[in-house]
Amino acid sequence: MSKTDTRVAKSCSVPTYAALRDKVRETLLDGMRRIEEARVRTYWQTGRYVQEHVLFLKEKADYGKRTVLRLSEELGIDKTELWRMLQFAERCPILGSCRLLTWSHCRVLITVPDEKKMLAFADRASKEGWTCDQLRKMIHSGKSLQPRRLGSIQLLEVPKLGLFNTYQIKAPAGVGWPATETLAGRPGKDVLLLDHGFRSFLALTASESRGLKAGDIVEVAGTGSPDKGGGACPPLRFSGLKKSNRTAKDLYTYKAYLEKVIDADTYWVALDTGLRGIGHQKLRLQGIDCPEINTPEGKAAKKFVEKLLKDVPCLTVLSHKNDKYDRYEADVFFNDKNGKQIYLNNLLLEKGRAVRLRS
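Quick look at the structure:
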């Protein structure tokens with residue numbers, strides 16, 4: 012604050028120096044990581060454009076070298092760096108593990124003459140978090156690395172699904188509704204809400220909320236045995252609520268219908284949020300990262316998912332709120348043609364269409 016600002020902050024997201032230090036470190040490191048990832052993608056894409064142009068006019072002798080020199084002079088880009096971008100695109104037609112490395116790592120990798128060895132080093136460096144110096148030492152040591160096989164791919168821990176038709180009761184004040192404002196024909200303070208998830212709530216009538224209080228876990232009454240998540244597609248049903256011995260671990264599991272694949276890890280879906288509720292949500296697969304859609308590998312990954320889920324009648328979604336990015340992320344399951352439950356997040360890792368996000 013300035014010397015003339017006499018206002019006193021009533022609240023602060025970083026009340027202690029330790030909190031400030033941690034928040035600054037987190038913000039800076041995350042920002043620098045994103046900048047470096049964007050730099051690698053930008054340099055790779057630049058190299059791809061140059062490569063595409065040179066191949067189109069490949070009958071002209073030395074055209075690639077002359078093109079790089081001309082671009083360097085006209086755009087003021089260092090010719091050596093521009094040449095590295097071209098080499099990077101030629102050596103890595105699909106970014107793969109290089110997406111999670113720095114440009115300094117990539118500059119070292121393109122010096123490895125054998126493509127399989129280069130990709131193996133990139134894979135290991137990404138997986139084990141090698142520094143650029145560690146990568147350089149491993150390459151110079153002459154040790155041979157084998158590309159990872161399926162058994163060595165670090166998959167996500169398969170989450171335990173909750174139960175369909177399971178909800179938590181909340182008070183209107185907990186979601187910002189004024190106690191004095193009317194809700195469902197009664198003062199807000201006298202009303203209970205059913206949490207559908209995804210910031211959506213149902214104001215219960217007096218009869219629906221009888222015997223319940225905020226914090227209770229409830230289930231749909233009169234539906235027989237619980238609808239267990241796992242690929243089945245139960246119909247929309249509602250015949251009342253009853254207090255349940257289920258726990259918070261049983262919440263936020265939904266039946267969903269795929270509407271559109273945005274890219275391999277992001278989808279628009281219609282969700283049965285229960286009790287007359289239908290949600291239209293954009294979901295991001297949690298724990299993994301697929302290639303950017305404007306890259307060849309991103310387009311290929313999207314087509315893989317579209318083909319995979321084309322004839323799947325419905326999905327089972329376990330949702331999570333990511334407060335850092337203010338978005339919903341999901342573990343997604345479906346049943347294959349033999350009725351076997353498949354965890355989509357891990358399948359994309361197994362097929363090489365995604366990499367694990369760094370924690």
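Numbering (the numbering used here), first residue to last: 12 to 370.
Ideal placement from N, C-alpha and C gives every residue a C-beta, glycine not left out.
1. Please list the segments of the beta strand (DSSP E) lying wholly inside the stretch 318-346, counting only runs of 3 or more residues, in order along the chain.
2. Return the first residue and the last residue of the alpha helix (DSSP H) that Thr38 is part of.
3. Going along the chain, which residues of its own chain have a beta-carbon closer than 6 Å to the beta-carbon of Leu167, five neighbours each way excluded?
4. Just to confirm, are Arg110 and Thr177 a CB contact at a threshold of 7 Å?
5. Using the three-state DSSP reduction, which class does Trp114 fall into: helix, strand or coil?
6. Going by DSSP, which residues form a beta bridge with Phe212?
7. At the level of alpha carbons, what is the spacing between Gly140 and Gly173?
8. Considering only the beta carbon of each residue, do Tyr74 and Leu68 sit closer than 7 Å?
9. Straight-line CA distance for Ala182 to Asp261?
10. Give the straight-line distance between the Cα atoms of Thr306 and Lys90, rounded to the nearest whole angstrom.
11. With DSSP as the reference, label Leu172 as helix, strand or coil.
12. Which of helix, strand or coil does DSSP assign to Ile353?
13. What span of residues does the beta strand (DSSP E) with Leu279 cover, start to end?
14. I need the DSSP call for Lys224, collapsed to helix, strand or coil.
15. For Ile180, does the three-state DSSP call read helix, strand or coil?
16. Starting from Ile150, follow the alpha helix (DSSP H) in both directions and report where the run begins and ends.
17. Pull up the distance between the alpha-carbon of Leu66 and that of Lys127, whole angstroms please.
18. How many Å lie between Met43 and Leu368 at the Cα?
19. Arg59: buried (16+ other C-beta within 10 angstroms of its C-beta) or exposed?
20. Any idea what DSSP makes of Pro7, helix, strand or coil?
21. Taking the C-alpha atoms as reference points, what is the distance between Lys224 and Tyr265?
22. Considering only C-alpha positions, which residue in the set Ala341, Phe132, Thr27, Lys253 is nearest to Trp279?
23. How many Å lie between Val186 and Val202 at the Cα?
24. Taking only the alpha-carbon atoms, compute the straight-line gap between Asp125 and Thr78 and give it to the nearest angstrom.
25. Under 8 Å, with one C-beta from each stretch per pair, do the stretch 276-294 and the stretch 209-225 reach the 3-pair mark?
26. Over the uninterrupted alpha helix (DSSP H) stretch that includes Gln292, give me the two end residues.
27. So, at 6 Å on beta carbons, what are the nonlocal neighbours of Ile121 in its own chain, with the 5 sequence-adjacent residues on each side left out?
28. According to DSSP, which residues form a beta bridge with Asp300?
29. According to DSSP, what are the bridge partners of Ala124?
30. Is the separation between the beta-carbon of Val229 and that of Leu252 shorter than 7 Å?
31. Indicate the three-state DSSP secondary structure (helix, strand or coil) for Ala195 in the structure shown.
32. Straight-line CA distance for Gly350 to His64?
33. For Lys313, count neighbouring Cβ atoms within 10 angstroms of its own Cβ and tell me buried if that reaches 16, exposed if not.
34. Compute the beta-carbon to beta-carbon distance between Lys254 and Asp227, rounded to the nearest angstrom, for a pair I have assumed lies under 8 Å.
35. Rounded to the nearest angstrom, what separates Tyr268 and Leu329 at their Cα positions?
36. Check each candidate in Val316, Ala311, Ile353 and name the one with the smallest Cα separation from Glu270.
Taking the coordinates as given:
1. Fully enclosed beta strand (DSSP E) runs of 3 or longer: 326-333, 338-346.
2. Counting along the chain, the alpha helix (DSSP H) containing Thr38 begins and ends at 28-67.
3. Around Leu167: Gly298, Asn356, Asn357.
4. No.
5. Helix at Trp114.
6. Under the DSSP definition of a beta bridge, Phe212 partners with Asp206.
7. Going from the Cα of Gly140 to the Cα of Gly173 covers about 34 Å.
8. For the pair Tyr74 and Leu68, the CB atoms are nearer than the 7 Å cut-off.
9. Take the alpha-carbon of Ala182 and the one of Asp261: they are about 20 Å apart.
10. Put simply, the backbone Cα of Thr306 is about 24 Å away from that of Lys90.
11. When DSSP states are grouped into helix, strand and coil, Leu172 belongs to the coil group.
12. Strand, per DSSP.
13. The displayed chain sequence assigns Trp, not Leu, to residue 279. For Trp279, the enclosing beta strand (DSSP E) starts and ends at 277-285.
14. If DSSP states are grouped into helix, strand and coil, Lys224 belongs with coil.
15. Correct three-state label for Ile180: strand.
16. Segment 143-151, the alpha helix (DSSP H) holding Ile150.
17. A straight line joining the alpha-carbon of Leu66 with that of Lys127 spans about 23 Å.
18. For Met43 and Leu368, the distance between alpha carbons rounds to 16 Å.
19. Residue burial annotation: Arg59 is buried, with at least 16 other C-beta atoms found within 10 angstroms of its C-beta.
20. Residue 7 lies beyond the range of the chain shown here (12 to 370); nothing can be said about it.
21. Straight through space, the alpha carbons of Tyr265 and Lys224 are spaced by roughly 23 Å.
22. When Ala341, Phe132, Thr27, Lys253 are compared, the shortest CA-CA separation from Trp279 is found for Ala341.
23. If you draw a straight line from the Cα of Val186 to the Cα of Val202, it is about 12 Å long.
24. For Asp125 and Thr78, the distance between alpha carbons rounds to 26 Å.
25. The stretch 276-294 makes contact with the stretch 209-225: 3 or more CB pairs, one atom from each, lie closer than 8 Å.
26. If you look at Gln292, you'll find it isn't in any alpha helix (DSSP H); it sits in the beta strand (DSSP E) that goes 288-296.
27. Cβ-Cβ distances below 6 Å link Ile121 to Gln98, Phe99, Arg102 in the same chain, with the five nearest sequence neighbours on each side left out; the list follows chain order.
28. For Asp300, which the question treats as bridged, DSSP gives the partners Val366.
29. According to the sequence displayed, residue 124 carries Pro and not Ala. In the DSSP output, where bridge partners are listed per residue, Pro124 has none listed.
30. In this structure, Leu252 lies closer than 7 Å to Val229 by Cβ.
31. In this structure, Ala195 counts as coil in the three-state DSSP scheme.
32. So the alpha carbons of these two residues sit roughly 48 Å apart.
33. The residue in question, Lys313, is buried, as its Cβ has 16 or more Cβ neighbours within 10 Å.
34. Contact flag correct, Cβ pair sits at about 6 Å.
35. Between Tyr268 and Leu329, the C-alpha separation is close to 13 Å.
36. Answer by Cα proximity: Val316.
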